[in-house]
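Residue numbers (the numbering used here), protein chains in the order written: chain P, 628 to 891; chain U, 8 to 238. Glycine included, C-beta positions come from ideal geometry on N, C-alpha and C.
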């Protein structure tokens, strides 16, 4: 219990600090909304262009594809807000010795490092994502049940843990590979896999992105459950894989800590 | 490359869409990958950072054009990088359609090369224009990201222009975006009439000249506003 309360307390402390920092530059806060709108609208235009030529993408109609995209952006907004910048800068954090500051404090070092900088200027992105959800619901042939929608959002939260674990494993490699920046960038590009319907990934890529690194499930499974098409077996496998990934990332981090030599 | 999975799924239901088969689309995306290894620059971020951090002052004391210098630097970097793209994606393109190189006349291939260089200038100088906005606003990084967002869809990077509905395509033709990726790629994929080749080059030249004039104006006006503090 103490393990969880300590982490929740730390999370709220970091959130409050970062929120105050964000509001110093209010214009930047407003521009973030415009920025996220452009990217979302570009990909909505992409879906519209595709569906001006076809009626179904695999077994998915336009509304369902838009719903997958909406969950992708919801997942993206949350991870951008919470920890994206920290993982991208982790190599610099280690090389400059800034990691030592967290190691010397009575807080969980991995969590403190990965949630040190939260981007509350991305809060505005949630508005445009809400708009995308509304448009997706409008395009769906059936009405969406609120209970199933909440289930979808809950399943989306699992994806946040999946990506956190995967990025943590990659970031831990920095203790051995000094300059890890390209790997981090590549990892983020891999999240593009989550944007599209999982049906497009066949063969070995389908197995990899569904069962090993379940990136294809992050946005797809919440969308499938929202329209009440979600397979429970796959959800169980997804949760189990997430737990395994999280534990593996934690153990790998602790092993990496033993190898870590301060830059200071 | 994820686009290839997406379009494979799209073409499972129909053999031909917008006049293209799946192998046409695969070839298109592989050629686009080759072109983009040469095209993409960080000019917007470089210019923005130089102005924000005061490095721009260094260029004021030198007998060279700042935009010319950054453009040439980026061309040289991308020229080296593009050879990796040519080898890796070129092999893929040859596997999909070994004959595609043979059916392009040498004259058209040369026009395609010129078109890619003009596309580079169009793309880079728009980024530079956005970077130069840093003379007037604190940070123009975000606007560069917005530019990439719009460019990715309208340039044909995500989906060929052939897939666009007629109305949207007519609108996009009035922007520089299709002349960054879609049209240079078309010159390298299939034989085109000479009139079409001349049209593409002519429009690209018009955009390049227009952007050059705007850039000169922005540099002149912005330099008058520029302040650099410290040694």
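Query	Result
To the nearest angstrom, report how far apart residue 129/U and residue 74/U are at their CA atoms.	13 Å
How would you list, in chain order, the residues of chain U whose beta-carbon sits under 7 Å from the beta-carbon of residue 680/P?	24, 25, 170
So what does DSSP say about residue 58/U, is it helix, strand or coil?	helix
Please state whether DSSP places residue 888/P in a helix, a strand or coil.	coil
Report all residues from its chain with a CB closer than 8 Å to the CB of residue 787/P; omit the five preceding and five following residues, and keep chain order.	702, 705, 706, 709
Taking the continuous alpha helix (DSSP H) assigned at residue 231/U, which residues delimit it?	201 to 232
Helix, strand or coil: which one does DSSP assign to residue 687/P?	strand
Could you give the residue range of the alpha helix (DSSP H) that holds residue 97/U?	73 to 103
Examine chain U for any beta-carbon lying closer than 9 Å to the beta-carbon of residue 832/P, and answer yes or no.	yes
Taking the beta carbon of residue 240/U as the centre, do at least 16 other beta carbons fall within 10 Å, making it buried, or is it exposed?	It is not possible to answer for residue 240/U, since the shown part of chain U is limited to 8 through 238.
Please name the residue, chosen from 886/P, 630/P, 820/P, that lies closest to residue 846/P on a Cα-to-Cα basis.	820/P
So for residue 24/U, helix, strand or coil by DSSP?	strand
So does the segment 679 to 695 of chain P actually touch the segment 754 to 766 of chain P, counting three or more Cβ pairs closer than 8 Å?	yes
Among residues of its own chain, excluding the 5 on either side of residue 849/P, which ones have a beta-carbon nearer than 6 Å to its beta-carbon?	698, 779, 782, 783
Quick one: which residues of the segment 150 to 167 of chain U get their C-beta closer than 7 Å to a C-beta of chain P? List them in chain order.	152, 153, 156, 157, 159, 160, 165, 166
Could you tell me which chain U residues have their CB closer than 7 Å to the CB of residue 826/P, listed as they occur along the chain?	16
Using the Cα positions of residue 569/P and residue 840/P, report the straight-line distance between them to the nearest angstrom.	In the structure as shown, chain P starts at 628 and stops at 891, and residue 569/P therefore has no counterpart that could be examined.
List the residues of chain U that residue 820/P touches, going by C-beta distances under 7 Å, in chain order.	9
Using a Cβ cut-off of 9 Å, pull out every chain P residue sitting near residue 21/U, in sequence order please.	680, 681
Quick one: using the 10 Å Cβ neighbour count with 16 as the cut-off for buried, is residue 870/P buried or exposed?	exposed
Which class does residue 752/P belong to by DSSP, given the choice of helix, strand or coil?	helix
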